[in-house]
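In UniProt numbering, the protein residues as written are 1 to 415.
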């Protein structure tokens, strides 16, 4: 009688405990693979939890073509990931964790309780029950000469030789939460093609606001406006004046284009439409009404509702002569130029652009230079605006990498 021995269960090391790493861990554990996940922070999912502080915007409900367009130049690279696991699939997956979702008025999708913590708790419980072992305070340092992983732990440095490795280390923003971009150096040393990390979904600086603008209006919201860049159709929304410039959701939506204009020309000029609901001829008609003894400030307020930070910006960014020429003033109200000269620092940005080039990866998200090493999440060279697009692509790329690792293990006879 002959006995057959089962091959050893393959072991995977996942470096990074954000959505991409955790999603890959789920895929691999379901395939019968032993998964050890390592994260440098005291707990996993820290940036994910922070993203949910103001309301956990998990994805977006818009139609797929519009959704995909949010990824700009990398849309073609992101497309297969989202076709396999897009917004609908992500919502179904969340429902499987016992968390209901709803679509907000803007089309954004949220968990019913608007919180990230219950979702993460339910997910971690399921992963642990599936056998995933999570090692916190374990930081990846790169590779040893023999190709094993170097891991700094509370007990000292360890060497690991897993059957395959996933790097899901996040981008370069929010270093205090673990996404510090330190992984760039060891990958560069291994010859992996990388794009420099740059701020995305970030604020921008002007040359300088006046002391009056800073003292009275730093932190003031600019609501019901539109912003245009170059010849693009202006976008409606809101933003915030800061002590050094401007930030907020409307600026974040344009941040990639603004940043690239600054990279190319040293500056970028956006145009604020302070009254997007009114055409310029109607504004001019209102301005030309007799104001009698009233000041121009009161005239702007009574005729057009312009006061506070909007009035201050008009004074800040136009000349005295403009206020004496109603046609010029009407044009300024519809297209007030604001020149931006640099991004805010990378560590202040919501996310980052740059990282591992898709050209360095195969269709399974495995590094061509390093067989058996996969990458996923924000450390890949893509960017997207806020609104659920960032998280959706992180989940989708983690799932794709997990499936790619399963295929790699099967093809190499280890699974």
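Glycine is no exception: its CB is placed at the ideal position from the N, C-alpha and C atoms.
If you draw a straight line from the alpha carbon of residue i to that of residue j, how long is it in whole angstroms?
i: residue 159; j: residue 140; result: 10 Å
i: residue 385; j: residue 144; result: 37 Å
i: residue 203; j: residue 103; result: 27 Å
i: residue 307; j: residue 272; result: 15 Å
i: residue 360; j: residue 217; result: 46 Å
i: residue 252; j: residue 9; result: 45 Å
i: residue 100; j: residue 138; result: 33 Å
i: residue 53; j: residue 348; result: 16 Å
i: residue 27; j: residue 399; result: 6 Å
i: residue 1; j: residue 146; result: Here residue 1 scores only 48 on pLDDT, less than 50, and its place in the model is too uncertain to base an answer on.
i: residue 24; j: residue 199; result: 26 Å
i: residue 258; j: residue 155; result: 46 Å
i: residue 67; j: residue 121; result: 28 Å
i: residue 65; j: residue 76; result: 11 Å
i: residue 3; j: residue 133; result: Since pLDDT at residue 3 reaches only 49, below the 50 mark, its modelled position is unreliable, and the value read off the structure follows with that caveat. If you take the alpha carbons of residue 3 and residue 133, they lie about 31 Å apart.
i: residue 389; j: residue 346; result: 19 Å
i: residue 291; j: residue 302; result: 10 Å
i: residue 236; j: residue 254; result: 11 Å
i: residue 11; j: residue 380; result: 24 Å
i: residue 267; j: residue 78; result: 29 Å
i: residue 110; j: residue 51; result: 12 Å
i: residue 374; j: residue 405; result: 8 Å
i: residue 205; j: residue 403; result: 42 Å
i: residue 409; j: residue 270; result: 51 Å
i: residue 182; j: residue 88; result: 34 Å
i: residue 45; j: residue 243; result: 31 Å
i: residue 98; j: residue 370; result: 38 Å
i: residue 113; j: residue 378; result: 26 Å
i: residue 314; j: residue 337; result: 10 Å
Along the beta strand (DSSP E) that carries residue i, what are the first and last residues, could you check?
i: residue 140; result: 139-143
i: residue 240; result: 235-241
i: residue 134; result: 133-136
i: residue 102; result: 101-103
i: residue 354; result: 351-356
i: residue 230; result: Where residue 230 is concerned, there is no enclosing beta strand (DSSP E), given that its DSSP letter is neither H nor E.
i: residue 325; result: Element bounds for residue 325: n/a, residue is neither H nor E.
i: residue 36; result: 34-39
i: residue 149; result: 149-153
Any idea what DSSP makes of residue i, helix, strand or coil?
i: residue 223; result: strand
i: residue 56; result: coil
i: residue 47; result: helix
i: residue 343; result: strand
i: residue 414; result: coil
i: residue 273; result: strand
i: residue 380; result: strand
i: residue 369; result: coil
i: residue 1; result: Low confidence applies here, because residue 1 scores a pLDDT of 48, under 50, leaving its location unreliable and the question unanswered by this model.
i: residue 158; result: strand
i: residue 202; result: coil
i: residue 337; result: strand
i: residue 107; result: coil
i: residue 286; result: helix
i: residue 167; result: strand
i: residue 97; result: coil
i: residue 186; result: helix
i: residue 196; result: strand
i: residue 12; result: strand
i: residue 305; result: coil
i: residue 7; result: coil
Beta-carbon separation of residue i and residue j under 8 Å?
i: residue 262; j: residue 197; result: no
i: residue 248; j: residue 239; result: yes
i: residue 167; j: residue 47; result: no
i: residue 72; j: residue 396; result: no
i: residue 387; j: residue 83; result: no
i: residue 130; j: residue 29; result: yes
i: residue 170; j: residue 18; result: yes
i: residue 351; j: residue 230; result: no
i: residue 416; j: residue 115; result: This structure leaves residue 416 out entirely; the chain is present only between 1 and 415.
i: residue 394; j: residue 13; result: no
Is the closest heavy atom of the ligand SAH to the C-beta of residue i under 7 Å?
i: residue 219; result: In the structure shown, the ligand SAH is absent, as is every other ligand, since no ligand is present at all.
For the alpha helix (DSSP H) holding residue i, just list the boundary residues, first then last.
i: residue 252; result: 249-265
i: residue 77; result: 75-84
i: residue 24; result: 19-30
i: residue 121; result: 117-129
i: residue 364; result: Note, residue 364: premise wrong, no alpha helix (DSSP H); not H, not E.
i: residue 314; result: 308-317
Using beta carbons (cut-off 8 Å, strictly below), is residue i in contact with chain B?
i: residue 143; result: The structure shown contains no chain B; it is built from a single protein chain.
Is the segment 46-63 close to the segment 160-168, with three or more CB pairs under 8 Å?
no
Is the segment 30-37 close to the segment 89-104, with three or more CB pairs under 8 Å?
no
Does the segment 353-367 come close enough to the segment 150-159 that 3 or more CB-CB pairs lie under 8 Å?
no
Check whether the segment 273-281 and the segment 221-239 are in contact - that is, three or more C-beta pairs closer than 8 Å.
yes
Cβ contact check for the segment 281-297 and the segment 323-338: 3 or more pairs under 8 Å
yes
At a cut of 8 Å, does the segment 38-46 reach the segment 172-190 through at least three beta carbon pairs?
yes
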